Each structure stands twice: as structure tokens, then as C-alpha cells.
Amino acid sequence: MSKKVNIFPFSSFVLLFFMALGYYINVNEEAHKKFTPYLQKGIDFVLNVRDYAESPFYKNFKGYGVKIPNSYAVHGIDISHHQKLIDFQRVSEFYAQKTAIKFVYAKATEGKDHKDRHFERNRKEIKEHNLIFGAYHFFRPKTSGKEQANYFIKTVGKLNPEDLVPVVDIEVLDGVDPSIMRDRLEEFVLAIEEEYGVKPMIYTGDSFYKDYFRGHFKKYRVWIANYGHSTQAPKSRWTMWQHTQEANIDGIPNKVDMNVFDGDWEKFQKSLLIGHQKGYKQLSSSN
350 MSKKVNIFPF SSFVLLFFMA LGYYINVNEE AHKKFTPYLQ KGIDFVLNVR DYAESPFYKN
410 FKGYGVKIPN SYAVHGIDIS HHQKLIDFQR VSEFYAQKTA IKFVYAKATE GKDHKDRHFE
470 RNRKEIKEHN LIFGAYHFFR PKTSGKEQAN YFIKTVGKLN PEDLVPVVDI EVLDGVDPSI
530 MRDRLEEFVL AIEEEYGVKP MIYTGDSFYK DYFRGHFKKY RVWIANYGHS TQAPKSRWTM
590 WQHTQEANID GIPNKVDMNV FDGDWEKFQK SLLIGHQKGY KQLSSSN
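Next up, the structure:
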């Protein structure tokens with residue numbers, strides 16, 4: 350375990366200094382005009398130093414209300430009816446600290462007979478506001494994988510070349526033996542692959558991956574959920590990382606999951622757009 354440099358007393362002292370200076374500037378009109386911009390820069394610098402000492406691989410994004418992992422260029426969210434009615438115009442225009450939302454995965458189905466009540470609206474609005482759309486299914490291990498896949502296909506229908514590959518969300522056993530869960534999940538992913546011509550991506554939690562998936566489904570991309578500083582899934586195994594479920598985004602009434610893709614925009618398109626997976630050539634390379 351590595352030692353953490355204890356710079357908090359120093360940073361706190363400097364912050365108090367800037368606060369006292371701020372009080373002086375506030376009561377002195379001439380100083381207020383001259384020094385206010387520099388004061389804010391100084392405070393921001395101290396806060397950034399403190400944040401780095403606490404979490405060196407994260408950056409505090411005030412606009413999103415969360416710390417976001419450094420060095421990732423492509424950011425997106427996943428949603429369901431839990432986020433209520435979303436104003437996608439505001440989501441598409443939201444641009445905090447030079448970071449915009451590029452893609453949205455919307456829940457479509459769960460089990461063999463449950464459709465998310467906001468799915469159709471979400472899909473329509475996501476596309477109308479030029480966000481990259483994807484659909485996901487919440488998997489229930491007690492039910493046949495083939496039945497669940499058929500219900501997803503019936504509900505979602507056609508997916509276009511500019512859409513994201515389908516995702517299956519598996520995070521519970523529902524009392525089923527892990528080997529049976531994996532067999533039924535395999536039924537699901539094979540049926541989806543046969544229908545859409547692309548391999549779906551598997552979403553799961555870090556611990557669930559470690560306990561039940563390590564060594565399995567090696568041909569499938571993994572979307573890992575972990576809200577700490579690292580993941581138990583090897584870097585070579587995950588394509589997307591859900592790093593928080595507490596993001597605040599303009600246009601969304603409730604907190605929302607936020608994700609990063611492991612790569613740049615070009616790699617994102619080649620890895621996850623259906624058209625690129627099928628070898629289509631006429632897809633936009635910018636967003």
C-alpha cells in the first residue's frame with residue numbers, strides 16, 4: 350500500500366489565506382476590481398491540488414457534481430424510467446469544463462415481458478438531439494435467455510448502422526446457480542448476435558464480474574461498473590467503465606449513471622457503432 354502525501358494542512362492554510370484575502374477584496378472596492386479574477390484562480394488551484402492528492406486519477410467536475418476519471422475523451426450516460434422525463438435538448442447542450450455527453454444507452458426491456466415505460470420516448474429524443482443511441486436489456490437469470498432475447502428484439506426492432514451495439518445488463522443471480530445463469534446468458538447473446546449481426550456488450554458490476562464472469566465470455570466486450578478508484582477486471586477486458594451513479598446533468602431530474610469509453614472518438618465508433626462492426630464505410634467520423 351503506497352503512502353499518501355499529507356498536504357491537506359498546507360492546502361487548508363492556503364485556502365484560509367485566500368478566504369481572508371477575499372474578505373479584504375470584498376470590502377475594498379478598488380481591490381475588488383483589480384484582484385477578484387486572480388483570487389478565483391488561486392482558490393481553484395488550491396482545490397485542484399487538494400483533489401489531486403485525494404484522488405490523483407480523478408478530476409473534480411463542478412458541472413457534473415462528481416469526480417471524473419482523467420484521460421478519457423468519450424463520456425456518456427445510461428438511463429431508464431428512474432430518471433423520469435428527460436429534456437434531451439438541455440442534455441445535448443450541456444458542456445461542463447469542456448466535457449459533453451456523447452452517447453446515451455436507454456433501458457428497453459427486463460426479463461421476458463417488461464418494457465421500460467420511457468423507452469420509446471427516450472429513443473426518439475436521443476436521436477432527434479444528435480446523441481448516439483444504444484439500447485440495453487436487464488437480464489433475469491430465472492428466465493430462458495432465448496425468450497428474453499426475443500422480447501428485446503420484438504421491443505427494440507431494427508437498429509441502425511449509427512446506433513450502438515446492444516447491451517445486456519447482468520448483475521443478479523435471482524437464486525439461480527451461476528453455471529445456469531451463464532448458460533442462459535449465452536442463449537441471449539447468441540440470439541442477439543444472430544438478429545443484429547454484431548456481438549452485444551455485457552454490463553456487470555465489478556464484484557459480479559470477479560465472482561461469476563472471470564474466464565467466461567472472452568469474445569464479448571465488457572462494460573464494468575465500479576465506483577472506486579480501480580476495477581478488478583483487467584484493463585484489457587473492459588471497454589466501458591461506469592464510474593458513478595451520482596452525476597448531475599442539466600435536463601435530467603434525478604442523478605444519473607455516467608460512463609467513460611476506453612479510447613478516443615475514432616476508436617469508440619469502430620468498437621461500438623453497429624455500422625462499423627458490420628464494415629459499413631459511410632458513417633460520420635465526427636460528433
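With our numbering, the residue at position 115 of the sequence shown is 464, and numbering never jumps. By construction, the Cβ of each residue, glycine as well, lies at the ideal position given by its N, Cα and C atoms. Treat the numbers as computed from the prediction; the structure is a model and nothing was measured.
Note down, in chain order, each residue of its chain lying with its Cβ closer than 6 angstroms to the Cβ of residue 667, except the 5 sequence neighbours on either side.
Residue 667 lies beyond the range of the chain shown here (350 to 636); nothing can be said about it.
Three Cβ pairs or more, each shorter than 8 angstroms: is that satisfied between the region 523-537 and the region 489-496?
yes
Can you tell me which of 433, 553 and 608 puts its alpha carbon nearest to the alpha carbon of residue 470?
433
From what residue to what residue does the alpha helix (DSSP H) around residue 422 run?
Looking at the DSSP string, residue 422 is not in any alpha helix (DSSP H), and its letter there is neither H nor E.
Could you work out which residue in 431, 426 and 545 is closest to residue 625 when comparing CA atoms only?
545
Residues near residue 458 by beta carbon distance below 6 angstroms, same chain, minus five either side:
464, 486, 500, 501 and 504
Out of curiosity, what's the CA-to-CA distance linking residue 549 and residue 429?
19 angstroms
Tell me which same chain residues have a C-beta within less than 7 angstroms of the C-beta of residue 605, skipping the five on either side of it?
426, 428, 432, 596 and 598
Between the Cα of residue 573 and those of 476, 586 and 600, spot the shortest distance and give me the residue it belongs to.
586
How close, in whole Å, do the beta carbons of residue 661 and residue 608 come, if the pair is a contact with beta carbons under 8 angstroms?
Beyond the ends of the chain as shown, which are 350 and 636, falls residue 661; an answer cannot be given.
Report yes if the CB atom of residue 481 is closer than 7 angstroms to the CB atom of residue 517, and no otherwise.
no
Going by alpha carbons, who is nearest to residue 422 out of 617, 474, 563 and 628?
617
By the 10 Å Cβ neighbour count, where 16 or more other Cβ atoms means buried, how is residue 556 classified, buried or exposed?
exposed
Cα-Cα separation between residue 531 and residue 590, rounded to whole angstroms:
22 angstroms
Nearest to residue 450 by CA position, among 456, 460, 475 and 466, is which residue?
475
Assign residue 629 to buried or exposed, taking buried as 16 or more other Cβ atoms, counted over all protein chains shown, within 10 Å of its Cβ.
exposed
Kindly indicate the opening and closing residues of the alpha helix (DSSP H) around residue 499.
494-505
Neighbour-count burial assignment, residue 483, 16 or more Cβ in a 10 Å radius
buried
Would you give the residue range spanned by the beta strand (DSSP E) that residue 571 belongs to?
571-574
Buried or exposed for residue 554, going by 16 or more other Cβ atoms inside 10 Å?
buried
Give every residue of the same chain whose Cβ lies closer than 7 angstroms to the Cβ of residue 441, excluding the five residues on either side of it in the sequence, and list them in chain order.
478, 479 and 480
What are the start and end residues of the beta strand (DSSP E) that includes residue 516?
516-518
Can the beta-carbon of residue 621 be found closer than 7 angstroms to that of residue 514?
yes
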